[in-house]
Amino acid sequence: MNTLEKANAAEVLFKAFSNACSELQLTQAEASRIIGVNPSTLSRNSGKGFKPDSKQGELQLQLIRLYRSLYAIAGGEKAFMRHWLNSPNKALNGTPKTLLQTVVGLVSVNQYLDAMRGKV
Numbered sequence: 001m002n003t004l005e006k007a008n009a010a011e012v013l014f015k016a017f018s019n020a021c022s023e024l025q026l027t028q029a030e031a032s033r034i035i036g037v038n039p040s041t042l043s044r045n046s047g048k049g050f051k052p053d054s055k056q057g058e059l060q061l062q063l064i065r066l067y068r069s070l071y072a073i074a075g076g077e078k079a080f081m082r083h084w085l086n087s088p089n090k091a092l093n094g095t096p097k098t099l100l101q102t103v104v105g106l107v108s109v110n111q112y113l114d115a116m117r118g119k120v
């Protein structure tokens, strides 16, 4: 993959991540915590993104995966998706939005959604 393709992949990934955060009504501070950077770093990289094979890139992919799973389960109903994300979940032992702030929590929420979709 040449440099231009890598740059484009990073930009596309960042745009998809930003769109998912926007649809789920995650703040810039919440989005930055999910991928482990300062809000200012997130803002600075908004034009170029993060390399897909970096830690931040992998965490962005995890959030996009979560969004796509939740979208499929909710049938695209954004109000339900936001409600689910902000509601306590006994199976997860916490609120999904709070759990997203750690890598373990993000992966756990994705595993839960995979199980709900029957992809286990």
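First residue of the sequence shown: 1, per UniProt numbering; consecutive thereafter. In this text, a Cβ means the ideal position worked out from N, Cα and C, and glycines have one as well. A quick note: this is a predicted structure, and the numbers were derived from the prediction, not measured.
Check                                                                                                               : Outcome
Sequence-distant residues of the same chain with beta carbon closer than 6 Å to residue 126, five excluded per side : No answer is possible for residue 126: it lies beyond the span of the chain, which begins at 1 and ends at 120.
Closest residue to Asn-8 among Gly-47, Glu-23, Pro-39 (Cα-Cα distance)                                              : Gly-47
Separation of Val-109 from Leu-100, as counted between CA atoms                                                     : 8 Å
Neighbourhood of Leu-59 by C-beta, 8 Å cutoff - its chain only, sequence neighbours within 5 removed                : Ile-34, Ile-35, Gly-36, Val-103, Leu-106
DSSP three-state assignment for Gly-76, whether helix, strand or coil                                               : coil
Asn-110 in three-state terms, based on DSSP                                                                         : helix
Proximity winner among Ser-87, Leu-66, Phe-80, Ala-79, relative to Gln-111 (alpha-carbon distances)                 : Leu-66
Assigned exposure category for Phe-17 - 16 Cβ within 10 Å defines buried                                            : buried
Separation of Asn-19 from Leu-26, as counted between CA atoms                                                       : 10 Å
CB contact flag (Met-81, Leu-24, <8 Å)                                                                              : yes
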